[in-house]
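Residue numbers (the working numbering): 1028 to 1102. Backbone N, C-alpha and C fix where the C-beta goes; we use that ideal spot for every residue, glycine too. One structure is given here, and the rest of the page talks about it.
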């Protein structure tokens, strides 16, 4: 399993007073669920020569399903 540099190991001691809370830009909810956006890569651009589907993990608001701008992949 690869380590995400933005996500510390779970066994580290974290002082939550030094963190900032994320809220939904649309409804201000504080609860998110992990979702996956799918992007397609044509066979012409794919290194395998086959069409490819690329999953991109992100978070959506659990209340209204909005995805904050900061959670979207950079274009």
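Using 10 angstroms around the beta-carbon of residue i, count the other beta-carbons present and answer buried if the total reaches 16, otherwise exposed.
i, result
"residue 1043", "exposed"
"residue 1051", "buried"
"residue 1075", "exposed"
Who does residue i pair with in a DSSP beta bridge?
i, result
"residue 1068", "1079"
"residue 1060", "1087"
Which residues in the same chain as residue i place their Cβ atom closer than 7 Å to its Cβ, once the five residues preceding and following it in sequence are excluded?
i, result
"residue 1069", "1078"
"residue 1064", "1083 and 1085"
For residue i, I'd like the list of residues in its chain whose CB is within less than 6 Å of its CB, leaving aside the five on either flank, ordered along the chain.
i, result
"residue 1057", "1050"
"residue 1100", "1083"
Tell whether a beta-carbon distance below 8 Å holds between residue i and residue j.
i, j, result
"residue 1089", "residue 1047", "no"
Between the alpha carbons of residue i and residue j, how many angstroms are there, rounded?
i, j, result
"residue 1080", "residue 1072", "12 Å"
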